[in-house]
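Below: one structure, written as structure tokens.
There are 2 protein chains.
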Amino acid sequence: MQRRRPTIIDVAQKAGVSKSTAGRALSGASNVTDEARERVMDAARAVGYERNDLAVGMRSGRTGLLGLVIPDITNPFWADVARGAQDRAAENGMSLLVFSSDWDHGREASHLRALRQARVDGAIINPVADNFDDLDRFGLPFVLIGSSAERFPATSSVGSDIAQAVRIGMDHLVSKGHHAPALILGPKSRIARARFLRTFHEHCVERDIDPAALPMEDGEYTVEGGHAAMKRLLARGRAGHLAVFAANDMMALGAMLAVREAGLNCPEDVSILGFDGVPASAFSWPGLTTVAKPGRGIGMRAVDCLFDEIAGRPEHGRVFMPCRLIERGSLADLSLHQPRRTAAAGRG
Amino acid sequence: MQRRRPTIIDVAQKAGVSKSTAGRALSGASNVTDEARERVMDAARAVGYERNDLAVGMRSGRTGLLGLVIPDITNPFWADVARGAQDRAAENGMSLLVFSSDWDHGREASHLRALRQARVDGAIINPVADNFDDLDRFGLPFVLIGSSAERFPATSSVGSDIAQAVRIGMDHLVSKGHHAPALILGPKSRIARARFLRTFHEHCVERDIDPAALPMEDGEYTVEGGHAAMKRLLARGRAGHLAVFAANDMMALGAMLAVREAGLNCPEDVSILGFDGVPASAFSWPGLTTVAKPGRGIGMRAVDCLFDEIAGRPEHGRVFMPCRLIERGSLADLSLHQPRRTAAAGRG
DNA sequence: TGATTTCGTGGGAACGTTACCACGAGGCCG
DNA sequence: CGGCCTCGTGGTAACGTTCCCACGAAATCA
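Top to bottom, those sequences are chains A and B.
Just so we're aligned: the first sequence equals residues 2 to 349 in this note's numbering.
Just so we're aligned: the second sequence equals residues 2 to 349 in this note's numbering.
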């Protein structure tokens, strides 16, 4: 801070106009002559002027800053969301403050306060829990993201279309000859689990399958959770080929491990379908077939919705973005014949 | 922006003091009586006052904002760096603006300008290239991170200790009986490659090995790059067991694929050691033994160094943070006997 | 006791930009 | 020709906090 930076006053003096005219020219306002505008732009370049967003924000109420509060930036899904948000923000000349909440109330509250103090123009938030008091009092435009956003039906939100995802997953299992797959579910307290189950039930009803007859286990959304659930499934015994739809990729990868430990092979003996599309799923052996969530798309769309919120345009309600199937090698094809396993089939 | 937010003037009025006294009490200054301070704090609570960082920054020159410019937030290593930086910033009541440069000059320049306009207190930057003009003119305190920082020896920087990493990798290979491993290197233009090679040569000299006699291939730091390099290594023919030290985990994972395609097994026929510690390496089969870079530690340390830069304390020069070995199942143990492959050994 | 020092308080100005309004010149219309 | 309207320009004040200095009271010292 040793050297004073050039201000609009310096530009105005060099261009021979008032600071009002200089400000108008620099901000692209229409009520400036082309001749004055050019003189101002030249002067700005000559003195090395760069706008001071603090001063702009003080007077105009707009800082050009957006906030993003997600559970953990090192989680690949949330990193994708952040990437999409970054890109859309940058396209619109805005900058993104990124915070990791670790699903902790206190951290979330602290980050929300930091955003208020920084006077961000708006924020994208994956809410920690049914913690609407803090959000209600946030006092700035915001858009919710992720499954937990469903707890706040009156607010603008963006998430994956879990119903569509479960449907394409189930359809794909059926197309491969797996008509009665087992399920590995997430914890009972989680929103995503309820929605996964609901769609699964609908699918069964449409195809005259009794959902109660299908094996189901649950656990945490972790490798360990999936591993333990798969061990329990295998301990029930299996009549021929077993197909499993896991609630996320980490669980699916853990399940693959349990299969191997039981002396069985995936996909020859046990087929496994994941849900998420984390990068690691490309490197298991065989590569995991999975239904990928649109992380980056969610980030981008959330920024779009946030711009609408900031501009006071009508609310979007809840936006569900479609997922997509990534086929690799973890599902046996029982529909026609048993394909030979090749390296090409093993990688996505 | 419909409702005016409480300001220090409101707090001062409610507490019956001047705005100066209110400001001093709220900022923790010592020249306020305890009685006045308490009255001010109660008043602030009662009116719901929260500091306005824009106003603070305008007058004091400090915003409480830090910038982080990395290549890609979805890259696990850089996400770890960001996580470390976030945590350290949050511990110190500061907020982090995060940008992805995609190794693009224009993007980097644009992000640096955004940081200047936001009047951040300082920035942590993985420089895109030998682009020192922009950095020299950045005009704010900064700390460089990553290998490309080595191009700017006069500035404060934090990175992985590649020499130490190569040394523990080579020592580990030797301890497993792999005395003359092959190398899969990154592209010739990359700093990390040069340092990797230099340490490798030192290691060979210390152990009376002729480095020129060891097989080396190179490629991009990608799965495909590693896959192609390994195919070329295998095409040279091998006398017995082949051990390979790959320049990063993606290349190592690609190399594992090439081994499998050649009808060989890892680690029975070919041992592979990676470098990076990306999460996906835990899920290959067998799990990849690798030398992990301290991403999170780098992020944290960089914030510490940046605080020193901001405070005008003596420069740190270049800080190299130690890497650590993650042992999984991709290295055969030729030192004593051939261990049986078990699931426990396959996972990290 | 008087002079000096220290401490707490309050008031004004600064920070850099935009919002807002007044004014003059030029053009248009009745 | 006079009145009205539009456009471009410039000046003032606002935004919310901290920096800076002046002042009065109390304590300390010679």
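Idealized CB from N, CA, C, for every residue including glycine.
Beta-carbon spacing of residue i, residue j below 8 Å
i: L98(B); j: L116(B); result: yes
i: A26(B); j: R38(B); result: yes
i: V159(B); j: C306(B); result: yes
i: L397(A); j: A293(A); result: A query on residue 397(A) cannot be resolved here, the shown segment of chain A reaching from 2 to 349 and no further.
i: A236(B); j: D219(B); result: no
i: L141(A); j: F153(A); result: no
i: S96(B); j: H179(B); result: no
i: A244(B); j: P287(B); result: no
i: D277(B); j: T291(B); result: yes
i: F246(A); j: L265(A); result: no
i: V33(A); j: L67(A); result: no
i: D105(A); j: V129(A); result: yes
i: I74(B); j: A124(A); result: no
i: A155(B); j: R196(B); result: no
i: G49(B); j: G296(B); result: no
i: L186(A); j: M217(A); result: yes
i: I100(A); j: Q87(B); result: The sequence shown places Phe at residue 100(A), not Ile. Yes.
i: R168(B); j: H204(B); result: yes
i: S157(A); j: E269(A); result: no
Test: residue i CB closer than 8 Å to a CB of chain A
i: I139(B); result: Reading off the sequence, residue 139(B) comes out as Phe, not Ile. By this cut-off, F139(B) is not an interface position.
i: A129(B); result: The sequence shown places Val at residue 129(B), rather than the Ala named in the question. No, V129(B) does not count as interfacial toward chain A.
i: R114(B); result: yes
i: Q3(B); result: At Q3(B) the pLDDT is 48, less than 50, meaning the model places this residue with poor confidence; the figure from the coordinates comes in the next sentence. So, not an interface residue.
i: D81(B); result: yes
i: Q339(B); result: Because the pLDDT of Q339(B) is 49, which lies under 50, any placement of that residue in the model is unreliable, and the question is left without a value.
Element boundaries [alpha helix (DSSP H), containing residue i]
i: L1(A); result: A query on residue 1(A) cannot be resolved here, the shown segment of chain A reaching from 2 to 349 and no further.
i: A253(B); result: 250-262
i: C89(A); result: The question names Cys, yet the displayed sequence has Arg at residue 89(A). Taken as a continuous stretch (DSSP letters only), the alpha helix (DSSP H) holding R89(A) covers 77-92.
i: R117(B); result: 106-118
i: I169(B); result: 163-176
i: L198(B); result: 192-207
Neighbour flag for residue i against chain B, beta carbons, 8 Å
i: S272(A); result: no
i: A281(A); result: yes
i: Q87(A); result: yes
i: R314(A); result: no
i: L97(A); result: yes
7 Å Cβ cut-off: residues of chain A touching residue i
i: M59(B); result: L55, A56, M59
i: R52(B); result: Q118
i: L254(B); result: F284
Length of the line joining the Cα atoms of residue i and residue j
i: G226(B); j: V70(A); result: 36 Å
i: N53(B); j: F78(A); result: 33 Å
i: A193(B); j: D162(B); result: 10 Å
i: I9(B); j: G17(B); result: 12 Å
i: A213(A); j: R108(A); result: 41 Å
i: T200(A); j: A303(A); result: 25 Å
i: Q44(A); j: E36(A); result: The sequence as given places Ala at residue 44(A); Gln does not occur at that position. Cα to Cα, A44(A) sits roughly 12 Å from E36(A).
i: D334(A); j: L326(A); result: 16 Å
i: S102(A); j: G241(A); result: 45 Å
i: M251(A); j: T223(A); result: 5 Å
i: S149(A); j: R89(B); result: 27 Å
i: F139(B); j: E310(A); result: 34 Å
i: M42(B); j: S19(B); result: 14 Å
i: A248(A); j: E328(A); result: 16 Å
i: G24(A); j: R6(A); result: 16 Å
Under 8 Å from the C-beta of residue i: neighbouring residues of chain B
i: R84(A); result: D73, I74, T75, S101
i: S28(A); result: Here the premise fails: no neighbours, minimum Cβ distance about 13 Å.
Start-to-end residues for the beta strand (DSSP E) that takes in residue i
i: G8(A); result: Correcting the residue identity first, residue 8(A) is Thr in this sequence and not Gly. From DSSP, T8(A) is part of no beta strand (DSSP E); its letter is neither H nor E.
i: S272(A); result: 271-277
i: D219(A); result: 217-219
i: S31(A); result: Neither: S31(A) is in no beta strand (DSSP E) and is coded neither H nor E.
i: F246(B); result: 243-247
i: F100(B); result: 96-101
Within chain B, partners of residue i - CB distance below 9 Å
i: T64(A); result: L55, A119
Partners in chain B for residue i, counting only beta-carbon separations shorter than 7 Å
i: W286(A); result: S285, W286
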